[in-house]
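Chemist:
Number of protein chains: 2
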Amino acid sequence: MVTKNEIKFIKSLRDKSIRNKFNLFVVEGKKSINEFLNSDYKVYKIYSTHPANISYTDVIQISEKQLIQISALKTPNKHIAIFNKIKFPLKNQKNYFVLDSVSDPGNLGTMIRTLDWFGYDQLICSKNSVDCYNTKVIQSTMGSLSRVNVHYVDLYDLISSSNLPVYGASVSGKSILEFTEKKDSGIWIFGSESNGISEDISKLIDQNYCIPKGNNCVKTESLNLSTSFSIILSFLKLY
Amino acid sequence: MVTKNEIKFIKSLRDKSIRNKFNLFVVEGKKSINEFLNSDYKVYKIYSTHPANISYTDVIQISEKQLIQISALKTPNKHIAIFNKIKFPLKNQKNYFVLDSVSDPGNLGTMIRTLDWFGYDQLICSKNSVDCYNTKVIQSTMGSLSRVNVHYVDLYDLISSSNLPVYGASVSGKSILEFTEKKDSGIWIFGSESNGISEDISKLIDQNYCIPKGNNCVKTESLNLSTSFSIILSFLKLY
């Protein structure tokens, strides 16, 4: 059973401020829910039209109509879970991936998924970046958010207090094919979709790098943010 | 001046069937419109709240209110243009990039943008794939659709009549790092977001390839489609 007030509460978790207040977030769909159940995250409540399909004891049965009311998806996916947020400590690593003012939830989710694929478990975002517990972000990560910890920090403080080399992704930078530094340590900064890396953070960059264009291509101005991110990650990890 | 009927007509172009019937499509925003104006596409009509900002003689002045009515965007972008669709001939090329049943417009748009960046000007899609003249696709290409021709064909016929080697992107394939074939010719097939490459097309593949995972990563099942596409393109073009 789910009450009207409970439905209202779950829907209210679409707001970042409510998620922060109650320290909760919503995950939809069997695959993603299972990945969060198998992670350090602790479940708060699970609702389902088919409770037997979820390997958790206290699943609350809901009707199809209630599912549609609760879900943020166009085509709701049988199961909806609420998890407690965790404040992970920032790990010391050789490579830091840093997003400056990223605003598109689909892009953020895709980048978290790509990090997970390449075996990275940490991402740094500026405080004004889109919240990783946003429904669309969680959907695009396809469960990877359960394994990649996203930290919202003051980028200037973090970067300026580090001794690691600082690299910026920029269309006007040097080609990654001319990269001669060690690939296994550094701070890799990516700017926002519309404005690139902000001015104060740009000053901290030791070297800007770009993904070289094809020979025939003179007119394209930029790549999608999560595309650049993926190509740079594959460059670091595979070659 | 724009009439009520005209507003209704422009809005109706959000439907693929109406776009096909009139052979027209809509482009929004100065940057994208300018890129289409500088391409082989012929303009049908342009509407703007700020006609002086568009380098075209017959721009139709509209009000802010009318712009909001016409636009498919949440935050409309001053200018809206209608262009005539073109039926481009399929070019003989050494590399063909093929999408089987792609359904996400953002993914398709991002892939068109990435092709353009790497200097490719042609993309093949199965007939059931999302229409490249869909508003969201056009928005995500950021003008690149004006330079990349998308063909909707019977994939089975096209692939089976070609002598080029056929490669499939598949998580169960051989790592691209073990790729020993010539990189400058082949048919590269990518499957749909949810179901991968369809069964009949799979039978035509000579070798499946995958992007290797990081060492620590065992749990992620797949990469986003446009992410895999970008990493494979960068593999072919850069290394």
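Protein chains in written order, with numbering that gives the first Met the number 0: chain U, 0 to 238; chain B, 0 to 238. For every residue, glycine included, the Cβ atom is placed at its ideal position computed from N, Cα and C. Note that this is a predicted model, so its numbers are computed, not measured.
Which residues in the same chain have their Cβ closer than 6 Å to the Cβ of L224/U, if we skip the five residues on either side of it in sequence?
Modeler: Only N106, E192 meet the Cβ criterion.
Chemist: Roughly how many angstroms separate the alpha carbons of F87/U and N148/U, rounded to a whole number?
Modeler: Cα to Cα, F87/U sits roughly 7 Å from N148/U.
Chemist: If you reduce the DSSP assignment to three classes, tell me which class V165/U lands in.
Modeler: Of the three classes helix, strand and coil, the one that applies to V165/U here is strand, per DSSP.
Chemist: Comparing the C-beta of F117/U with each C-beta of chain B, is any distance below 8 Å?
Modeler: F117/U counts as touching chain B.
Chemist: Mind reading off the beta-carbon distance from S169/U to N207/U? Whole number of angstroms is fine, and I expect it under 8 Å.
Modeler: Their Cβ separation, rounded to whole angstroms, is 4 Å, which keeps S169/U and N207/U in contact under 8 Å.
Chemist: For the alpha helix (DSSP H) that I137/B lies in, which residues bound it at each end?
Modeler: Here the alpha helix (DSSP H) through I137/B covers 134-140.
Chemist: Taking a cut of 7 Å between CB atoms, which residues from the region 9-29 of chain B lie near chain U?
Modeler: Those residues of the region 9-29 of chain B that come within reach of chain U (Cβ to Cβ, closer than 7 Å) do not exist; the list is empty.
Chemist: Just curious, the beta strand (DSSP E) that I204/U is in, first and last residue?
Modeler: Segment: none, I204/U is in no beta strand (DSSP E) and carries neither H nor E.
Chemist: Using a Cβ-Cβ cut-off of 7 Å (strictly less than) and excluding sequence neighbours within five positions of T134/B, which residues of its own chain qualify?
Modeler: Once the five neighbours on either side are set aside, the close Cβ partners of T134/B are R13, V25, A71.
Chemist: Under 8 Å between C-beta atoms, does K236/U make it to chain B?
Modeler: Yes - at least one Cβ of chain B is within 8 Å of the one on K236/U.
Chemist: What do you reckon, is the C-beta of E5/U under 7 Å from a heavy atom of the ligand SAM?
Modeler: Only the bare structure without any ligand can be found here, which leaves the ligand SAM out of the picture.
Chemist: The beta strand (DSSP E) that contains S47/B, what's its start and end?
Modeler: Element bounds for S47/B: 42-47.
Chemist: For N52/B, name the three-state secondary structure that DSSP assigns.
Modeler: Three-state DSSP puts N52/B in a helix.
Chemist: Look up F24/U in the DSSP assignment and give the residues it is bridged to.
Modeler: DSSP output for F24/U lists F82/U as bridge partner(s).
Chemist: Whole beta strand (DSSP E) runs in the region 79-119 of chain U with 3 or more residues, listed along the chain?
Modeler: Within the region 79-119 of chain U, the complete beta strand (DSSP E) runs of at least 3 residues are 94-98.
Chemist: Beta carbon of S31/U, beta carbon of M110/U: below 8 Å?
Modeler: No, the Cβ-Cβ distance between S31/U and M110/U is not below 8 Å.
Chemist: Can you confirm whether G213/U, when its beta carbon is compared against all beta carbons of chain B, has any partner nearer than 8 Å?
Modeler: Chain B contact via Cβ: present.
Chemist: What in chain B is Cβ-close to G185/U, meaning under 9 Å?
Modeler: Within 9 Å Cβ-Cβ: nothing; G185/U doesn't reach chain B, min ~17 Å.
Chemist: N76/B and G108/B look like a contact to me (Cβ under 8 Å); what is the Cβ gap, rounded to whole Å?
Modeler: Contact doesn't hold; Cβ gap of about 16 Å is too wide.
Chemist: Which residues of chain U have a Cβ atom closer than 7 Å to the Cβ of I230/B, listed in chain order?
Modeler: Ordered by position in chain U, the residues that pass the 7 Å Cβ test against I230/B are S229, I230, S233.
Chemist: Quickly, what does DSSP pair F189/U with across the bridge? List them, please.
Modeler: Paired residues: L98/U.
Chemist: Which class does K73/B belong to by DSSP, given the choice of helix, strand or coil?
Modeler: DSSP places K73/B in coil when its eight states are reduced to three.
Chemist: For C131/U, list the residues DSSP reports as bridge partners.
Modeler: In DSSP, C131/U forms no bridge with anything.
Chemist: State the DSSP-derived secondary structure class of S221/B, mapped to helix, strand or coil.
Modeler: Three-state DSSP puts S221/B in coil, outside helix and strand.
Chemist: Can you tell me whether Y208/U is helix, strand or coil according to DSSP?
Modeler: In this structure, Y208/U counts as strand in the three-state DSSP scheme.
Chemist: So who's on the other strand from K173/U, going by DSSP bridges?
Modeler: Answer is Y208/U, bridged to K173/U.
Chemist: Identify whether I123/B lies in helix, strand or coil by the three-state DSSP scheme.
Modeler: It is a strand residue.
Chemist: Once you ignore the five residues that flank V129/B on each side, which residues in its own chain have a CB closer than 8 Å to its CB?
Modeler: Around V129/B: V101, S102, D103, P104, L107, V136.
Chemist: CA-CA distance, S159/U and Y95/U?
Modeler: Looking at the two C-alpha atoms, the distance is approximately 13 Å.
Chemist: How would you call H49/U, buried or exposed, if buried means at least 16 neighbouring beta carbons within 10 angstroms?
Modeler: By the neighbour-count rule (16 or more Cβ atoms within 10 Å), H49/U is not buried but exposed.
Chemist: With Y155/U as the anchor, note down where its beta strand (DSSP E) starts and where it stops.
Modeler: Careful: Y155/U lies outside any beta strand (DSSP E), inside the alpha helix (DSSP H) at 154-159.
Chemist: Return the chain-ordered list of same chain residues with a C-beta closer than 7 Å to the C-beta of V42/B, the five sequence neighbours on each side being excluded.
Modeler: So the qualifying residues of the chain are L36, Y55, A80, F82.
Chemist: Do you know whose CA, among K173/U, Y238/U, K3/U, lies nearest G213/B's CA?
Modeler: Comparing Cα-Cα distances from G213/B to each of K173/U, Y238/U, K3/U, the minimum goes to Y238/U.
Chemist: Go ahead and label S139/B buried or exposed: buried means 16 or more other beta carbons lie within 10 angstroms of its beta carbon, across all protein chains shown.
Modeler: Label assigned to S139/B: buried.
Chemist: Note down, in chain order, each residue of its chain lying with its Cβ closer than 7 Å to the Cβ of S11/U, except the 5 sequence neighbours on either side.
Modeler: The answer, listed in chain order, is I17.
Chemist: Taking the beta carbon of G154/B as the centre, do at least 16 other beta carbons fall within 10 Å, making it buried, or is it exposed?
Modeler: Sequence inspection shows Leu at residue 154/B; the Gly mentioned does not correspond to that position. Buried, since its Cβ has 16 or more Cβ neighbours within 10 Å.
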